[in-house]
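Q:
There are 2 protein chains.
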Amino acid sequence: MATEATPPPVRRVPLSRDRVLRTAMSVADAGGLDMLTMRTLGQELGVGPMALYRHIANKDDLVDAIIDLVFAEIGLPPTDADWMTAMRERAISVRDALLRHRWAVPLMESRRHPGPANLQHHDAVIGCLLGAGFDMAMAAHAYSVLDAYIYGFALTKMTLPFETGEEVAEVAQTMLQPFPLNAYPNLAAFITEHAMKPGYDYGDEFAFGLDLILDGLEERARQPA
Amino acid sequence: MATEATPPPVRRVPLSRDRVLRTAMSVADAGGLDMLTMRTLGQELGVGPMALYRHIANKDDLVDAIIDLVFAEIGLPPTDADWMTAMRERAISVRDALLRHRWAVPLMESRRHPGPANLQHHDAVIGCLLGAGFDMAMAAHAYSVLDAYIYGFALTKMTLPFETGEEVAEVAQTMLQPFPLNAYPNLAAFITEHAMKPGYDYGDEFAFGLDLILDGLEERARQPA
DNA sequence: ACCTGAACACCGTTCAAGT
DNA sequence: ACCTGAACACCGTTCAAGT
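Residue numbers (my numbering), protein chains in the order written: chain L, 2 to 226; chain V, 2 to 226.
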């Protein structure tokens, strides 16, 4: 074997907090939060699990940090549009980010140490509503109902054991098999007449609820308390 | 010491699936899902972790079963009321059950093997909407927006790192401390002028969004598609 | 029939050690 | 300065063994 002047620099890209965080995010995207362990993350980066502790304090700090990466992907509400357009665009941007990073849904509003992207996002949404003439109580109402709907929709979409009409047919079969035929007639009708239809996608329901809520907010914002 | 004719029957209440499930639920209620391990559950019941496998197939089967216990606590929509009253009462009953069993929120709609209480609940809700004259597509819209809102609200309430106005003050302090003063002016105003007020409780927001959604559904149900 | 003990392949994290 | 190996106190689950 020829003697090398320098050792092969194959894996010698040095670790950095940024590289740790981006790799952690992609591991969670691919396999869910359960797959994101210090051991698998180290493996993905070509180091032992303990090497990570030079760049993050502990796993909670890691989660704090990658949640802020998700917030950073969400577009702030545009300032050159009416509040309804701005809130609709923001809602769609949040939903899209949550569907790209499903593991993040239950964690987004849970942080005791929110990052700057998180805080800036909340600040911009409140600013948009106040700027449109909402008083503080009405802004709180609006933010609450919008985010509850967006997070709940993302949670349901992410946890439902089916997505398309074909998958519904498959899953419904095994779900109803242990029970007497027609024990749940309304549910059966819902499945066969609606959810099993070829074009069915639960995700399509998002727009209906979003517009309903935006319309309701406009009505209520026009009336004084 | 006196010799006993029979050994002390202190811990000899025999295990049963029902006792395992109810104890599992109370362990999760007290300490969250992370606290519910085969080892802690066994300890609570006075047996080793392996004794549980005689009554449940594995941990997923255990979770399936206790989720159905949560569904069993939810009142079905009353059949002697108009749909709006029935759906409002059902929504409040779901919310109450989820706040009693916070660990259950992300799991309610995730089961590949739903139990009878789960299926009966879905059947009754769809039946209520169809009975009120909703067509199938409109019933799907209504169910989607209502449950997304209820689950999202419960998720947010359960994960928010504060509840009362006093807790907000405490948490906001540590949240904003790392950042320049007044970096987030709208958020700061929201906190000081609204969330830190003595009577504040995020949970009070539930009714506003629920009524907004029910009103919007009534409007849309009256118009033909 | 019902429960146990030891074992296996995993966790997050600490601590002393290597280069 | 940066990374590692061994260890500790945990997981869910299997399997052979005890009564």
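No residue lacks a Cβ here, since even glycine has one placed at the ideal position from N, Cα and C.
How would you write the range of the alpha helix (DSSP H) that Ser145 of chain V sits in, first residue to last?
A: From DSSP, the alpha helix (DSSP H) with Ser145 of chain V extends over Met137 to Thr160.
Q: Taking the alpha helix (DSSP H) that Met39 of chain L falls in, what are its first and last residues?
A: Met39 of chain L -> alpha helix (DSSP H) spans Met39 to Leu46.
Q: If we call anything under 9 Å between Cβ atoms a contact, is Asp61 of chain L one with Gly116 of chain L?
A: Not a contact, by the Cβ cut-off of 9 Å.
Q: Which word fits Thr193 of chain L, buried or exposed, when buried means at least 16 other C-beta atoms lie within 10 angstroms of its C-beta?
A: Flag for Thr193 of chain L reads exposed.
Q: Would you report the Cα separation of Asn187 of chain L and Arg20 of chain L, rounded to the nearest angstrom?
A: Cα-Cα distance, rounded: 51 Å.
Q: With a cut-off of 8 Å, do at least 3 Cβ pairs link the stretch 95-111 of chain V to the stretch 149-156 of chain V?
A: Touching, yes.
Q: Provide the residue(s) that pair with Thr165 of chain L in DSSP beta bridges, ordered along the chain.
A: L:Asp202.
Q: So that I know if they touch, is there some Cβ in chain V lying closer than 9 Å to that of Ala196 of chain L?
A: With 9 Å as the cut-off, Ala196 of chain L counts as an interface residue toward chain V.
Q: Could you name the residues of chain L that Ser111 of chain V contacts, counting a contact when the two beta carbons are closer than 8 Å?
A: Within 8 Å Cβ-Cβ: Thr160, Leu161 and Pro162.
Q: Chain L partners of Leu131 of chain V, CB-CB under 7 Å?
A: Going along chain L in sequence order, the residues near Leu131 of chain V (Cβ under 7 Å) are Asn187.
Q: Can you tell me which of L:Phe135, L:Thr165 and L:Arg18 puts its alpha carbon nearest to the alpha carbon of Gly200 of chain L?
A: The option with the nearest alpha carbon to Gly200 of chain L is L:Thr165.
Q: Taking C-beta pairs closer than 7 Å, name the residues in chain L that Ala149 of chain V reaches, listed in chain order.
A: Tyr150, Gly153, Phe154, Thr157 and Gly210, listed in chain order.
Q: Just tell me which of L:Thr41, L:Val28 and L:Ala82 has its CA closest to the CA of Ile67 of chain L.
A: Residue L:Val28 is the option with its Cα nearest to Ile67 of chain L.
Q: Using 8 Å for Cβ pairs, my map puts Leu46 of chain V next to Leu16 of chain V. What's the rounded Cβ distance?
A: Contact flag correct, Cβ pair sits at about 6 Å.
Q: Following the continuous alpha helix (DSSP H) through Arg20 of chain V, name the residue where it begins and the one where it ends.
A: First-last of the alpha helix (DSSP H) with Arg20 of chain V: Arg18 to Gly32.
Q: Please check the pair Glu219 of chain V and Met85 of chain V, which I expect to be a contact at CB under 8 Å, by giving their CB distance rounded to whole angstroms.
A: Contact holds; Cβ gap of about 6 Å.
Q: In or out: Pro79 of chain V buried (at least 16 other Cβ within 10 Å) or exposed?
A: Label assigned to Pro79 of chain V: exposed.
Q: Mind listing which residues of the stretch 65-80 of chain V have their C-beta closer than 7 Å to chain L's C-betas, in chain order?
A: Answer in chain order: no residues at all.
Q: Find out if the Cβ-Cβ distance for the pair Leu211 of chain L, Ala105 of chain L is shorter than 9 Å.
A: No.
Q: If you drop the 5 nearest sequence neighbours on each side, which residues of the same chain put their C-beta closer than 6 Å to that of Ala73 of chain L?
A: Excluding sequence neighbours, Ala73 of chain L sits near Ala118.
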